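The next block holds one structure in the form of C-alpha cells; read it before the comments.
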Amino acid sequence: MKIVLFALNGSYSHTNLAVRAIGVSLQKAGNEVVIVEKNLKDTRLSVLETLVSQKADVYGFSVYIWNAKEMFSFASELKTLLPNALTVFGGPEVSFEDESFFPSHPEADVILAGEGEEAFVSLVRCFENGTLRKPCVIMAKPYSRFTESGIYYDEIGEAPHGLVYYESVRGCPFSCAYCLSSRAQGIRAKSAEKALADLLAFERFTDIRTVKLVDRTFNFDRERAKKIWRALSEDIYTKEYHFEVSAALLDEESFEILARVPKGKFRLEIGVQSTNPETVRAVSRALDTEKTLQALERLHEKKNLHIHADLIAGLPYEGYACFGKSFDDVYGKGNVLQLGILKLLRGSRMRREAELYGIVYSPNPPYRVLRTKELSFEALMRLERMDGLNDRFSNSGKFEYTFPYLPKICGSPFGFFDGLCDFAEERFACTEIARLPQTEAFRLLWEYAQMINRTKKPLPLEEIRQRLSLDFLLGETRRLPAFLHTETVSAEEKYRALSSVEAKYRPACETVRFPWLSERIAIVDRVRKTVDFFDGM
Numbered sequence: 003m004k005i006v007l008f009a010l011n012g013s014y015s016h017t018n019l020a021v022r023a024i025g026v027s028l029q030k031a032g033n034e035v036v037i038v039e040k041n042l043k044d045t046r047l048s049v050l051e052t053l054v055s056q057k058a059d060v061y062g063f064s065v066y067i068w069n070a071k072e073m074f075s076f077a078s079e080l081k082t083l084l085p086n087a088l089t090v091f092g093g094p095e096v097s098f099e100d101e102s103f104f105p106s107h108p109e110a111d112v113i114l115a116g117e118g119e120e121a122f123v124s125l126v127r128c129f130e131n132g133t134l135r136k137p138c139v140i141m142a143k144p145y146s147r148f149t150e151s152g153i154y155y156d157e158i159g160e161a162p163h164g165l166v167y168y169e170s171v172r173g174c175p176f177s178c179a180y181c182l183s184s185r186a187q188g189i190r191a192k193s194a195e196k197a198l199a200d201l202l203a204f205e206r207f208t209d210i211r212t213v214k215l216v217d218r219t220f221n222f223d224r225e226r227a228k229k230i231w232r233a234l235s236e237d238i239y240t241k242e243y244h245f246e247v248s249a250a251l252l253d254e255e256s257f258e259i260l261a262r263v264p265k266g267k268f269r270l271e272i273g274v275q276s277t278n279p280e281t282v283r284a285v286s287r288a289l290d291t292e293k294t295l296q297a298l299e300r301l302h303e304k305k306n307l308h309i310h311a312d313l314i315a316g317l318p319y320e321g322y323a324c325f326g327k328s329f330d331d332v333y334g335k336g337n338v339l340q341l342g343i344l345k346l347l348r349g350s351r352m353r354r355e356a357e358l359y360g361i362v363y364s365p366n367p368p369y370r371v372l373r374t375k376e377l378s379f380e381a382l383m384r385l386e387r388m389d390g391l392n393d394r395f396s397n398s399g400k401f402e403y404t405f406p407y408l409p410k411i412c413g414s415p416f417g418f419f420d421g422l423c424d425f426a427e428e429r430f431a432c433t434e435i436a437r438l439p440q441t442e443a444f445r446l447l448w449e450y451a452q453m454i455n456r457t458k459k460p461l462p463l464e465e466i467r468q469r470l471s472l473d474f475l476l477g478e479t480r481r482l483p484a485f486l487h488t489e490t491v492s493a494e495e496k497y498r499a500l501s502s503v504e505a506k507y508r509p510a511c512e513t514v515r516f517p518w519l520s521e522r523i524a525i526v527d528r529v530r531k532t533v534d535f536f537d538g539m
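Below you can see the structure in the form of C-alpha cells.
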C-alpha cells in the first residue's frame, strides 16, 4: 500500500513532526510511505502536481488553523483527479468534527481524531481488506509506545534543516480554557535519559539550527527538567534548544542551572497571557503572577538565555487599560514580548463559553476574536498595530540600546506604544510599520521622543540620541543620518565625546553579538569611517 502524508508548513524553515511520527509507524507496518512537505508560499499547481504524480492509494492531510483552507482545496482537486484514492484528514483543526462535517466536505473520506501512530496503521489495514466504512470519524486512542519513540527525522523524509520539532511529553498539567492541551488526559513523559539520547541523535544533522521541544510545560517535573538542562549545557550538545516552561515552577536549583547555560543555547518561552487576577481565574490559568514576573526578570538579567514572554488580548474581563497594565508588567523582562489576539480553537472550553463572556469571533480559521464585552473591534485592531510597533522596535533586536530603555523612561511602555501609533499615522501616514524604511524608523523614534519631551514629560534627549546613533551604526551600513547629528565642535572635543560614548556603552557592547566592538580601536575605526557621524560630534 502506497501512502502519501502531506504537510503544508508556514515557511521553508519549518518541518512537520506529525507526518513523520505517523509515517514511521506506517513504514514499520510494511507500507510504502512518501512524505510530501511544502509551504504556503509554494505555487498551488506545483504542489498539486507533486501530490498527483505519486499516484498513491492513501493521502493523509495534516490540517491546522493556518493551512485548513488550502488543505481542503488541495484534497478537493486531488479527489477529482484520483477518485479512488482514500483521503484522510487529521490534525487539531479537524479532530473535533463529527459526521456533520462530510456533507460540506465531500473530498474527505476519513477524519482521524487524536494520536495517529497506531490508528492510521489500523485504518490502512481496514482499507486494504475492504472493511473500512466511508465516510467516517475514527477516534484514536493515545499512542501506547510514545515514551519509546525517537526523533523520526532519522528514519523518514528528507534531511531536516533550520528548525525541527521534538516531543518528550504528551499532555499538560494545566487546564487553560483557550488551549487544546487541556483536553488531553494525563501526562506521558519520556525519561530524562531517553530524551537526552533522542536529542543527541539530532547532532548527526549539520543543517539543524534549533530544536524546539513542543512539550506544553517542559518543567512540569522539576527534577527531570533539571537533569536534561544540565546535560544539554555540555559541549556534546551543539544545537539551540527551545522550551515552553512555567516560570512559577522554577526552584532555586533550576535558576542556578539555567544561569550556567552557555549564552545563546537555550530559548525559554513563558506564557504569562494576563496579569489581571479576574482574567486568570476565568480561563483557569494556574499562575502565580507575582512569582512568574519575578522569575522572568531574574532569568532575563543574566543575559545568557533568550526569553520569550506571551500575552493574549481578548480574554475575559480585560479591557484596553487593563491589558495595558499586563503589558507594562511584562515589558522589558524578556528579549521578546509577543502580543497575540485570542483565537477560539475548535474543541477549547473558551470557544464553548464565548457567548457567556460576550466574545464575538471569526467563523473562519484561525477563529480570531473580533470583539469582547470589554474590547471593541477598533481597540483590538489598535492593539495589533501596537504589536507591529513592538515587533519592529523591541522584539527585532535591531534597537538594542534604545529599547526597552526608551519606553521605560517614558513611564508606561504601553502608553509609549499607544502614543506612537497615533504619531506614526499623523507624522508619517504610516499604519503598517513594517513598510517604513529603516532610516525613517529611526527618524520616527527621534521625533516622537522630542514630541514627548515638549508636550508630556522631560526626557534625556542627548542620551536618547546617542543610543539611537549607536543602534544605527551597529545595524546599518549607511552613514548616520543628519537628524541624529549634534552641533559641530573642535577636534579635541570630538575625541573626548567619542571616548565618553565608548565608556558609557562599552560594558554593554561586550555582551552583544558584535565582538569587534569590544576593542576601542574597532569602534574608533568604525566611527571614523562614518564621516558624517564623526564630523557631527
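Residues in the sequence shown are numbered consecutively from 3, following the working numbering. Glycine residues also receive a C-beta, built at the ideal position from the N, C-alpha and C atoms. Model, not experiment: these values are computed from the prediction.
Are there three or more Cβ pairs, one per stretch, closer than 8 Å when the region 302–311 is compared with the region 263–270? Put simply, the region 302–311 touches the region 263–270. At least three CB pairs are less than 8 Å apart.
Tell me whether residue 452 sits in a helix, a strand or coil according to DSSP, three-state version. In the sequence shown, residue 452 corresponds to position 450, counting from 1. Residue state, collapsed to three classes: helix.
Please state whether DSSP places residue 89 in a helix, a strand or coil. Position 87 of the sequence shown holds residue 89. Reduced to three states, the DSSP call for residue 89 is strand.
My guess is that residue 14 and residue 41 are in contact by the Cβ rule of under 8 Å, so how many angstroms apart are they, rounded? Your numbering for residue 14 matches position 12 in the sequence shown. Your numbering for residue 41 matches position 39 in the sequence shown. Going by Cβ atoms, the distance from residue 14 to residue 41 rounds to 5 Å, so yes, they are a contact pair.
Collapsed DSSP secondary structure at residue 234 in the structure displayed: For the purposes of this step, residue 234 is identified with residue 232 of the sequence shown, where counting begins at 1. Helix.
What is the DSSP secondary structure of residue 272, counted as helix, strand or coil? The count along the sequence shown starts at 1 and reaches residue 272 at position 270. Collapsing the DSSP output to three states places residue 272 in a strand.
Taking contact to mean 3 or more Cβ pairs, one atom from each stretch, closer than 8 Å, check whether the region 321–330 and the region 372–391 are in contact. yes
Between which two residues does the beta strand (DSSP E) containing residue 165 stretch? As a working note, residue 165 is residue 163 in the sequence shown. Here the beta strand (DSSP E) through residue 165 covers 164–168.
Assuming residue 170 and residue 191 form a contact by the criterion Cβ under 8 Å, report the distance between their Cβ atoms to the nearest whole angstrom. In the sequence shown, residue 170 corresponds to position 168, counting from 1. In the sequence shown, residue 191 corresponds to position 189, counting from 1. Contact flag correct, Cβ pair sits at about 6 Å.
With DSSP collapsed to three states, give me the class of residue 330. Here residue 330 corresponds to residue number 328 of the sequence shown, with the count starting at 1. Assigned with DSSP and collapsed to three states, residue 330 falls in helix.
Cβ-Cβ separation, residue 396 to residue 339 (assumed contact under 8 Å), whole Å: For the purposes of this step, residue 339 is identified with residue 337 of the sequence shown, where counting begins at 1. For the purposes of this step, residue 396 is identified with residue 394 of the sequence shown, where counting begins at 1. The Cβ separation is near 7 Å, so the contact holds.
Using a 10 Å radius around the Cβ and a threshold of 16 neighbouring Cβ atoms, would you call residue 345 buried or exposed? For the purposes of this step, residue 345 is taken as the residue at position 343 of the sequence shown. Label assigned to residue 345: buried.
Taking a contact to mean a Cβ-Cβ separation below 8 Å, would you say residue 245 touches residue 222 in this structure? Within the sequence shown, the letter at position 243 stands for residue 245. Within the sequence shown, the letter at position 220 stands for residue 222. No, these two residues do not count as a Cβ contact at 8 Å.
Count the C-beta pairs between the region 128–145 and the region 395–410 that are closer than 8 Å, then say yes if the count reaches three, no if not. no
Close Cβ partners of residue 73 (< 7 Å) along its chain, the five nearest in sequence each way excluded: Here residue 73 corresponds to residue number 71 of the sequence shown, with the count starting at 1. These residues qualify, in order along the chain: 10, 63 and 65.
With contact counted as at least three CB pairs below 8 Å, one residue from each stretch, are the region 438–447 and the region 478–485 in contact? yes
Once the 5 residues before and after residue 367 are set aside, which same chain residues still bring their CB inside 6 Å of it? For the purposes of this step, residue 367 is identified with residue 365 of the sequence shown, where counting begins at 1. So the list reads 67 and 70, once near-sequence residues are dropped.
Using C-beta distances below 6 Å, list every residue in its chain close to residue 213, excluding the 5 sequence neighbours before and after it, in chain order. On the sequence shown, position 211 is the one that residue 213 refers to. Correct list, in chain order: 166, 168, 204, 241 and 243.
Alpha carbon to alpha carbon, what distance is there between residue 77 and residue 46? Stepping through the sequence shown from its first residue, residue 46 is reached at position 44. Stepping through the sequence shown from its first residue, residue 77 is reached at position 75. Whole-angstrom Cα-Cα distance: 12 Å.
Provide the residue(s) that pair with residue 342 in DSSP beta bridges, ordered along the chain. Here residue 342 refers to the residue found at position 340 when the sequence shown is read from its first residue. Under DSSP, the beta-bridge partners assigned to residue 342 are 314.
Going by DSSP in three states, residue 308 sits in which element: helix, strand or coil? Reading the sequence shown from its first residue, position 306 is the one you call residue 308. Residue 308: strand per DSSP, three-state reduction.
Return the chain-ordered list of same chain residues with a C-beta closer than 7 Å to the C-beta of residue 158, the five sequence neighbours on each side being excluded. Counting from 1 along the sequence shown, the entry for residue 158 is found at position 156. Within the same chain, residue 158 has close Cβ partners 22, 25, 26, 29, 35 and 37.
Buried or exposed by the 16-neighbour rule on C-beta atoms within 10 Å, applied to residue 371: Locating residue 371 in the sequence shown gives position 369, where the first residue counts as 1. Buried, because 16 or more other Cβ atoms sit within 10 Å of the Cβ of residue 371.
Closest by CA to residue 232, which one among 257, 112 and 248? As a first step, residue 232 is located in the sequence shown; it is residue number 230 there, counting from the start. That would be 257, whose Cα lies nearest to the Cα of residue 232.
Tell me residue 1's beta-bridge partners as DSSP assigns them. Absent from the model: residue 1. The displayed extent of the chain is 3 to 539, so no value can be given.
Excluding five sequence neighbours on each side, which residues of the same chain lie with their C-beta closer than 6 Å to the C-beta of residue 17? For the purposes of this step, residue 17 is taken as the residue at position 15 of the sequence shown. Around residue 17: 162 and 166.
Since residue 467 is in the beta strand (DSSP E), which residue starts that stretch and which ends it? In the sequence shown, counting from the first residue as 1, residue 467 sits at position 465. Careful: residue 467 lies outside any beta strand (DSSP E), inside the alpha helix (DSSP H) at 463–477.
Using the Cβ count rule (16 or more neighbours within 10 Å means buried), how would you classify residue 511? Taking the first residue of the sequence shown as 1, we reach residue 511 at position 509. Summary for residue 511: the model assigns pLDDT 41, below 50, so the residue's position carries little reliability; its value from the coordinates is reported in the next sentence. Its Cβ being crowded by 16 or more others within 10 Å, residue 511 is buried.
Check this for me: beta carbons of residue 197 and residue 230, under 8 Å apart or not? Residue numbering aside, residue 197 sits at position 195 when the sequence shown is read from its first letter. Residue numbering aside, residue 230 sits at position 228 when the sequence shown is read from its first letter. A contact, by the Cβ cut-off of 8 Å.
Per-residue DSSP class, three states only, for residue 244: As a working note, residue 244 is residue 242 in the sequence shown. Reduced to three states, the DSSP call for residue 244 is strand.
Among 155, 173 and 116, the one whose alpha carbon lies nearest that of residue 208: As a position in the sequence shown, residue 208 is number 206, starting the count at 1. Looking at the Cα atoms, 155 is the closest of the given residues.
Any 3 or more C-beta pairs closer than 8 Å across the region 449–462 and the region 415–431: Because the criterion of three Cβ pairs below 8 Å is met, the region 449–462 and the region 415–431 touch.
How big is the Cα-Cα spacing for residue 111 and residue 248? Here residue 111 corresponds to residue number 109 of the sequence shown, with the count starting at 1. Here residue 248 corresponds to residue number 246 of the sequence shown, with the count starting at 1. Cα to Cα, the separation comes out at about 40 Å.
According to the Cβ coordinates, are residue 139 and residue 95 closer than 8 Å? Working through the sequence shown from its first residue, we reach residue 139 at position 137. Working through the sequence shown from its first residue, we reach residue 95 at position 93. The answer is no: Cβ separation not under 8 Å.
Range of the contiguous beta strand (DSSP E) that encloses residue 9: Walking along the sequence shown from the start, residue 9 turns up at place 7. Segment 4–11, the beta strand (DSSP E) holding residue 9.
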